[in-house]
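**Student:**
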Amino acid sequence: MLTDNAHDTSLPQELVDLIVDFLEEELLSLQACALAGHCFLQRCRMHLFRTVRFTDDTSSRRFLPLLLSPQIPPLVKEILVVGSGTTTKSQWITSDDILSPILDSFVNVEAVGILSCRFGSVTSIQKLRTLSTKAVNMLRLDMLQFERTGDFFSLLQCFPSLRHLLLGSVYVRFNERHPVPHSQPVLLETLEVPFHLSLTSVPTVGLLLDPQSPITLSHLKSLRIARLSLNDLPIIISLVEASRAMLVDLFLGPIRMVSASELGLTIHPTVLPLYHLRFLQIQISDGVLHRRLFKWWINVFQMSEQDWCLEDVTIRLRRDGSTRTFHDTNQWSLLDAAFTRSCMRELRAVKINISFPPRSLATQELPGLIRHACPSMVAKALLHVELNGW
Numbered sequence: 043m044l045t046d047n048a049h050d051t052s053l054p055q056e057l058v059d060l061i062v063d064f065l066e067e068e069l070l071s072l073q074a075c076a077l078a079g080h081c082f083l084q085r086c087r088m089h090l091f092r093t094v095r096f097t098d099d100t101s102s103r104r105f106l107p108l109l110l111s112p113q114i115p116p117l118v119k120e121i122l123v124v125g126s127g128t129t130t131k132s133q134w135i136t137s138d139d140i141l142s143p144i145l146d147s148f149v150n151v152e153a154v155g156i157l158s159c160r161f162g163s164v165t166s167i168q169k170l171r172t173l174s175t176k177a178v179n180m181l182r183l184d185m186l187q188f189e190r191t192g193d194f195f196s197l198l199q200c201f202p203s204l205r206h207l208l209l210g211s212v213y214v215r216f217n218e219r220h221p222v223p224h225s226q227p228v229l230l231e232t233l234e235v236p237f238h239l240s241l242t243s244v245p246t247v248g249l250l251l252d253p254q255s256p257i258t259l260s261h262l263k264s265l266r267i268a269r270l271s272l273n274d275l276p277i278i279i280s281l282v283e284a285s286r287a288m289l290v291d292l293f294l295g296p297i298r299m300v301s302a303s304e305l306g307l308t309i310h311p312t313v314l315p316l317y318h319l320r321f322l323q324i325q326i327s328d329g330v331l332h333r334r335l336f337k338w339w340i341n342v343f344q345m346s347e348q349d350w351c352l353e354d355v356t357i358r359l360r361r362d363g364s365t366r367t368f369h370d371t372n373q374w375s376l377l378d379a380a381f382t383r384s385c386m387r388e389l390r391a392v393k394i395n396i397s398f399p400p401r402s403l404a405t406q407e408l409p410g411l412i413r414h415a416c417p418s419m420v421a422k423a424l425l426h427v428e429l430n431g432w
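So the sequence shown is numbered by my numbering: it starts at 43 and just counts up by one.
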């Protein structure tokens, strides 16, 4: 039984903390625990105030009285600032005089998310500049619109300690520059783009390579692009080349295999500079737009005898159509031959992750089919087939 008298709880505080941690996602339960007894209070506060979300000037005014408690601001680790939408010129973020001192009080903030906002000028970013004194290492930008390139760069300069960037739907209207004050380069280590490049961030991702960008990619270790098409490959190639010194982990989602003639492009598999990577994850779909993708990736792996640094390859098979694309044993045999050449001597594991309906007979027979078609990888203990059904 828990007590809350002049002494303390009859249970060790470590056990009380474990109970509270178990409820960390249950907001109402945490609030109830915080009111139930002093032994719960500090641990509940840690979870309740870990992430603070501001959606309008009313939310900032409601939070202001909490600053009277010196225990609250140091607990905040993540801030989410949600604007008034990308179609609205008037943004509460730019006019709220309370937001800036509140942000300044968060001495231990590590992650920031800025969502659904339109920045009309560099002055509209001023309220966020107080974050430049914080050790923010993770930034999420999504559903944002900037008038000019320089405004986008000015926002990035607010986070000199940034190491991890999640770049969602971000749009820059005009590629116009204004003088950006010199600052220390932002040494990005991970970059993640969760949406289709061509539909969202391809101009913005390209701006990261701009000489005036505060971001430098020479320290990038991990690059994740969720969806792309053949016309996105030039920018992917540029990102990989810019980060060649440190990049070890690359994830590429399904590539839309529209015809090269439609794009006016001649992207050959061998132009992908992947030889220096240690870890590669790719996702292959059997949908109509990705039907030639499996063969395309096989060509990437088999076209050159140059030595590869690959140690671990993960191939995720995703079923979006009704074809038996992945049941072609000839394709798997070609992949087997490509991965067991002498130039792939560093390879330690090839993981095939199957995400199909488990009750399908075609799904049940696929792992055995793959193993049978890849005897060389099986003999070298390279092949690992995982069936993760819906």
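All residues carry an ideal CB built from backbone N, CA and C; glycine is no exception.
1. Applying the criterion that 16 or more other CB atoms from any shown protein chain within 10 Å of the CB defines a buried residue, is A415 buried or exposed?
2. Using CA atoms only, rank isn't needed, just tell me which of A391, V178, Q199 is closest to A153.
3. Measuring alpha carbon to alpha carbon, tell me which of D146, V151, L265 ends up nearest L106.
4. Output yes or no for whether 9 Å exceeds the beta carbon distance between S260 and L229.
5. Sorted by chain position, which residues of the same chain lie with C-beta nearer than 6 Å to L292's C-beta, five sequence neighbours on each side aside?
6. Would a C-beta distance cut-off of 9 Å place F368 and S418 closer than the cut-off?
7. Should the segment 195 to 208 be called in touch with the segment 129 to 146, which here means at least 3 C-beta pairs below 8 Å?
8. Which first and last residues belong to the alpha helix (DSSP H) in which S137 is found?
9. Is it true that the CB of V124 sits closer than 9 Å to the CB of F91?
10. Around the Cβ of L250, are there at least 16 other Cβ atoms within 10 angstroms (buried) or fewer (exposed)?
11. Excluding five sequence neighbours on each side, which residues of the same chain lie with their C-beta closer than 8 Å to the C-beta of H426?
12. Span of the alpha helix (DSSP H) holding Q344?
13. List the whole-angstrom C-beta distance separating I396 from N372, where the pair is believed to meet the contact cut-off of C-beta under 8 Å.
14. What does the alpha-carbon distance come out to for the pair Q231 and S158?
15. What distance in whole Å lies between the Cβ atoms of I279 and P315, which are believed to be in contact at a cut-off of 8 Å?
16. What residue ranges within the segment 99 to 172 form continuous beta strand (DSSP E) runs of no fewer than 3 residues, ordered along the chain?
17. Work out the CA separation of P256 and S243 for me, nearest whole Å.
18. Can you list, in chain order, the residues of its chain whose CB lies under 7 Å from that of K422, leaving out five sequence neighbours each side?
19. Can you say whether V131 is buried or exposed, counting buried as having 16 or more other CB atoms within 10 angstroms of its CB?
20. Check each candidate in M88, A379, S327, C385 and name the one with the smallest Cα separation from R361.
21. Could you pull out every residue in the same chain whose Cβ sits closer than 7 Å to the Cβ of P116, ignoring the five residues on either side in sequence?
22. Residues in its own chain within less than 7 Å of L204 by CB, not counting five upstream and five downstream?
23. Here's the rule I'm using: 16 or more other beta-carbon atoms within 10 Å means buried, otherwise exposed. How should R366 be labelled?
24. With a Cβ-Cβ cutoff of 9 Å, do L389 and D349 count as a contact?
25. What does the Cβ neighbour count give for G410, buried or exposed, with the cut at 16 atoms within 10 Å?
26. Which one or two residues does DSSP pair with A379 in a beta bridge?
27. Assign T165 to one of two classes, buried (16 or more other C-beta atoms within 10 Å of its C-beta) or exposed (fewer than that).
28. May I ask you to list the residues that DSSP assigns as paired with Y317?
29. Per DSSP, what kind of secondary structure is R413 in: helix, strand or coil?
30. Along the beta strand (DSSP E) that carries A268, what are the first and last residues, could you check?
31. Apart from the five residues just before and just after D98, which ones in its own chain have a Cβ nearer than 6 Å to its Cβ?
32. My assumption, with CB atoms under 8 Å, is that D193 sits in contact with S211. Please give the rounded CB distance.
33. Pick out the complete alpha helix (DSSP H) segments inside the segment 165 to 209, 4 residues or longer, and give them in chain order.
34. When you compare only the Cα positions, how much space is there between R387 and Q325?
35. Does the Cβ-Cβ distance between I267 and G295 come in under 9 Å?
36. For S102, I'd like the list of residues in its chain whose CB is within less than 7 Å of its CB, leaving aside the five on either flank, ordered along the chain.
**Tutor:** According to the structure shown:
1. Taking the sequence shown and counting its residues from 1, one reaches residue 415 at position 373. Classification for A415: buried.
2. Within the sequence shown, the letter at position 111 stands for residue 153. Taking only the C-alpha atoms, the option nearest A153 is V178.
3. Indexing the sequence shown from 1 puts residue 106 at position 64. The residue from D146, V151, L265 with its alpha-carbon nearest to that of L106 is D146.
4. Indexing the sequence shown from 1 puts residue 260 at position 218. Indexing the sequence shown from 1 puts residue 229 at position 187. Result yes, Cβ atoms of S260 and L229 sit closer than 9 Å.
5. Residue numbering aside, residue 292 sits at position 250 when the sequence shown is read from its first letter. In its chain, beyond the 5 residues on either side, L265, L319, L322 have a beta carbon closer than 6 Å to the beta carbon of L292.
6. Your numbering for residue 368 matches position 326 in the sequence shown. Your numbering for residue 418 matches position 376 in the sequence shown. No, these two residues do not count as a Cβ contact at 9 Å.
7. No: the two stretches stay apart, fewer than three of their Cβ pairs being nearer than 8 Å.
8. Your numbering for residue 137 matches position 95 in the sequence shown. Start and end: 134 to 137.
9. Locating residue 91 in the sequence shown gives position 49, where the first residue counts as 1. Locating residue 124 in the sequence shown gives position 82, where the first residue counts as 1. No, they are not a contact pair.
10. Reading the sequence shown from its first residue, position 208 is the one you call residue 250. Buried, since its Cβ has 16 or more Cβ neighbours within 10 Å.
11. What you label residue 426 is simply residue 384 of the sequence shown in a count that begins at 1. Counting only Cβ-Cβ distances below 8 Å, and skipping sequence neighbours, we find A391, V392, K393, I394.
12. On the sequence shown, position 302 is the one that residue 344 refers to. Where Q344 is concerned, the enclosing alpha helix (DSSP H) stretches over 335 to 344.
13. Locating residue 396 in the sequence shown gives position 354, counting from the first residue. Locating residue 372 in the sequence shown gives position 330, counting from the first residue. Taking a contact as a CB-CB distance under 8 Å, the pair I396 and N372 does not count as one, their CB atoms being some 19 Å apart.
14. Mapped onto the sequence shown, residue 231 falls at position 189. Mapped onto the sequence shown, residue 158 falls at position 116. Looking at the sequence shown, residue 231 is not Gln but Glu. Each residue's Cα considered, the two are about 25 Å apart.
15. Indexing the sequence shown from 1 puts residue 315 at position 273. Indexing the sequence shown from 1 puts residue 279 at position 237. P315 to I279, Cβ: 6 Å. Contact.
16. Taken in chain order, the complete beta strand (DSSP E) segments of 3 or more residues contained in the segment 99 to 172 are 120 to 124, 153 to 161.
17. Within the sequence shown, the letter at position 201 stands for residue 243. Within the sequence shown, the letter at position 214 stands for residue 256. Because the pLDDT at S243 is just 45, under 50, the model does not fix this residue reliably, and the value given afterwards should be weighed accordingly. Going by C-alpha positions, S243 is about 18 Å away from P256.
18. On the sequence shown, residue 422 is found 380 positions in, with the first residue counted as 1. For K422, where only same-chain residues beyond five positions count, the Cβ hits under 7 Å are T382.
19. Position 89 of the sequence shown, counted from the start, is the residue given in the question as residue 131. It should be noted that the sequence gives Lys, not Val, for residue 131. Result: exposed.
20. Position 319 of the sequence shown holds residue 361. It is S327.
21. Looking up residue 116 in the sequence shown gives position 74. Sequence-distant Cβ neighbours of P116 in its own chain, meaning closer than 7 Å and more than five residues away, are V149, N150.
22. Translated into positions along the sequence shown, residue 204 becomes position 162. Around L204: V178, N179, L181, V228, L230.
23. Residue mapping note: residue 366 aligns to position 324 of the sequence shown, counting from 1. Burial call: exposed.
24. Locating residue 389 in the sequence shown gives position 347, where the first residue counts as 1. Locating residue 349 in the sequence shown gives position 307, where the first residue counts as 1. The answer is no: Cβ separation not under 9 Å.
25. If you number the sequence shown from 1, residue 410 lands on position 368. Counting the other CB atoms within 10 Å of its CB gives G410 a total below 16, which places it among the exposed residues.
26. Counting from 1 along the sequence shown, the entry for residue 379 is found at position 337. According to DSSP, A379 bridges with nothing at all.
27. Within the sequence shown, the letter at position 123 stands for residue 165. If you draw a 10 Å sphere on the C-beta of T165, you find fewer than 16 other C-beta atoms in it, and that means exposed.
28. Within the sequence shown, numbered from 1, the residue matching residue 317 stands at position 275. None; Y317 has no bridge partner.
29. The count along the sequence shown starts at 1 and reaches residue 413 at position 371. In this structure, R413 counts as helix in the three-state DSSP scheme.
30. For the purposes of this step, residue 268 is taken as residue 226 along the sequence shown, with counting starting at 1. Membership of A268 in the beta strand (DSSP E) is indicated by the continuous run 264 to 271.
31. Within the sequence shown, residue 98 is the residue found at index 56, counting from 1. Within the same chain, D98 has close Cβ partners W134.
32. In the sequence shown, counting from the first residue as 1, residue 193 sits at position 151. In the sequence shown, counting from the first residue as 1, residue 211 sits at position 169. 16 Å between Cβ atoms; not a contact.
33. Here the runs fully enclosed are 191 to 198.
34. Walking along the sequence shown from the start, residue 387 turns up at place 345. Walking along the sequence shown from the start, residue 325 turns up at place 283. Looking at the backbone, the Cα of R387 and that of Q325 are separated by about 23 Å.
35. Reading the sequence shown from its first residue, position 225 is the one you call residue 267. Reading the sequence shown from its first residue, position 253 is the one you call residue 295. G295 is positioned such that its CB atom lies closer than 9 Å to that of I267.
36. For the purposes of this step, residue 102 is taken as the residue at position 60 of the sequence shown. Contacts found: F96, D138, I140, L141, I144.
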